[in-house]
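See structure below.
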Amino acid sequence: MPPPGPPGGGIASWFLDLGLRHIKDTSAPRRHVLRSQAPATCAPTSEDLPVTGQRYSIPSIVLHWTMALAIAFAWLGAQLAEVFGRGPSRTFVVGGHALLGLAVLALLLPRLLARWTGGAPGPAPGAPVWEVRLAHAAHLLLYVLMLALPLSGLLTALSGRVPFDLAGVATLPNSLASTGWRRTVKDVHELLANGMLAAVALHVGAVLWHAFVRRDDVAWRMGIGARPAAGSGSTPGRPA
1 MPPPGPPGGG IASWFLDLGL RHIKDTSAPR RHVLRSQAPA TCAPTSEDLP VTGQRYSIPS
61 IVLHWTMALA IAFAWLGAQL AEVFGRGPSR TFVVGGHALL GLAVLALLLP RLLARWTGGA
121 PGPAPGAPVW EVRLAHAAHL LLYVLMLALP LSGLLTALSG RVPFDLAGVA TLPNSLASTG
181 WRRTVKDVHE LLANGMLAAV ALHVGAVLWH AFVRRDDVAW RMGIGARPAA GSGSTPGRPA
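Listed below in structure tokens is the structure:
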């Protein structure tokens with residue numbers, strides 16, 4: 001129904017009031033339509049950000065590679081010792097192997113302190129829960145092995161029949177020779193060495209997978225290669 005006729009104020013004021021009422025009634029739906037048609041924006045998800053920009057601290061990186069080289073050369077020394085028969089050459093190589101193992105043991109505490117004080121990057125962006133848990137378990141296993149493997153080697157040296165020559169640098173006394181532990185701790189040492197080899201292979205394989213399949217910045221965090229550009233990586237379930 002049309003609104004009631006103009007009051008005593010006159011026809012002009014009546015038309016003005018009618019026009020203002022029309023504008024008020026029609027402007028609200030129009031604003032609603034404009035809001036509903038506006039493009040929605042949202043913050044990027046972790047899957048859109050394969051590069052975090054985070055890196056390990058310099059002490060952590062230096063200690064990581066120092067210990068990695070010590071472990072690698074210790075393993076090579078153990079293999080080389082099998083080539084030599086009993087004699088000065090084998091004694092020197094085994095002593096060098098033991099020195100490298102003791103170096104790993106000595107550097108473990110500074111390594112843990114550097115990680116605790118310097119922090120560590122978070123999980124790879126877009127990584128599933130199982131992958132994050134597997135990475136944590138693998139790192140924990142490596143830390144345990146870096147402690148247990150040199151300790152078992154030290155016990156093997158201390159329980160030998162004669163004092164242990166550390167490649168001419170020092171001599172360890174055979175103070176545990178009377179315990180009869182040598183065979184047991186030597187077997188444990190060899191078992192842990194095989195475990196270390198498997199853990200390192202898993203670790204290297206994971207790094208290569210991140211570098212060439214996921215193409216994220218996980219390898220760059222520990223000082224390998226250049227930092228990938230944001231958006232260059234792939235995520236599980238999404239083509240690269």
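FYI, in full-length UniProt numbering the residues of the sequence shown are 1 to 240. Note that the Cβ used here is the ideal one computed from N, Cα and C, for glycine as well.
For the alpha helix (DSSP H) that residue 166 lies in, which residues bound it at each end?
No alpha helix (DSSP H) holds residue 166; DSSP gives it neither H nor E.
Quick one: using the 10 Å Cβ neighbour count with 16 as the cut-off for buried, is residue 221 buried or exposed?
It counts as buried.
For the segment 182–200 against the segment 156–169, do three or more pairs of beta-carbon atoms, one drawn from each stretch, fall closer than 8 Å, so that the two count as touching?
Yes, since at least three Cβ pairs between the segment 182–200 and the segment 156–169 fall closer than 8 Å, the two stretches touch.
Label residue 136 either buried or exposed according to how many other C-beta atoms from any shown protein chain fall within 10 Å of its C-beta, with 16 as the threshold for buried.
Residue 136 should be labelled exposed.
Are at least three pairs of beta-carbons, each pair with one atom in the segment 174–182 and one in the segment 208–223, less than 8 Å apart?
The segment 174–182 and the segment 208–223 do not touch, with fewer than 3 CB-CB distances between them shorter than 8 Å.
Taking three-plus beta-carbon pairs below 8 Å as touching, is the segment 124–142 in contact with the segment 161–168?
Taking a contact to require three or more Cβ pairs closer than 8 Å, the segment 124–142 and the segment 161–168 do not qualify as touching.
Under the rule that 16 or more other beta-carbon atoms within 10 Å means buried, what is residue 86, buried or exposed?
In this structure residue 86 is exposed. Its beta-carbon is surrounded by fewer than 16 other beta-carbon atoms within 10 angstroms.
In its own chain, which residues sit with a C-beta less than 6 Å from the C-beta of residue 80, not counting the 5 before and 5 after it?
Closer than 6 Å at the Cβ level, and outside the excluded window around residue 80, lie 93.
Assuming residue 97 and residue 77 make a contact with CB atoms under 8 Å, what is their CB distance in whole Å?
With a Cβ gap of about 4 Å, residue 97 and residue 77 count as contacting.
According to DSSP, is residue 54 part of a helix, a strand, or is it coil?
In this structure, DSSP gives residue 54 a state outside helix and strand, which the three-state scheme calls coil.
DSSP three-state assignment for residue 223, whether helix, strand or coil
Shown here, residue 223 sits in coil according to DSSP, grouped into three states, outside any helix or strand.
Candidates 73, 54, 89, 56: which alpha carbon is nearest residue 193's?
The shortest Cα separation from residue 193 among 73, 54, 89, 56 belongs to 73.
Are there 16 or more other CB atoms within 10 angstroms of the CB of residue 198, so buried, or fewer, so exposed?
Residue 198 should be labelled exposed.
With DSSP as the reference, label residue 49 as helix, strand or coil.
Any reading at residue 49 is ruled out, since the residue's pLDDT is 38, under 50, leaving its predicted position unreliable.
Residue 194 - DSSP class collapsed to helix/strand/coil:
Helix, per DSSP.
By alpha-carbon positions, which one of 129, 82, 140, 152 ends up nearest to residue 102?
Comparing Cα-Cα distances from residue 102 to each of 129, 82, 140, 152, the minimum goes to 152.
Which whole-angstrom value is the C-beta distance of residue 108 and residue 66, which I expect to be below 8 Å?
Not a contact, Cβ separation roughly 11 Å.
Can the beta-carbon of residue 110 be found closer than 8 Å to that of residue 56?
Cβ distance not < 8 Å, so residue 110 and residue 56 don't count as in contact.
For residue 149 and residue 196, which I take to be in contact (beta-carbon distance under 8 Å), what is that distance rounded to the nearest angstrom?
Correct: roughly 6 Å between the Cβ atoms.
With a CB to CB cut of under 8 Å and the five nearest residues on each side skipped, what residues in its chain are close to residue 147?
Here the set comprises 105, 108.
The alpha helix (DSSP H) that contains residue 107, what's its start and end?
For residue 107, the uninterrupted alpha helix (DSSP H) run begins and ends at 88–118, by DSSP.
Within this structure, are the beta carbons of residue 60 and residue 114 separated by less than 8 Å?
In this structure, residue 60 places its C-beta atom within 8 Å of the C-beta atom of residue 114.
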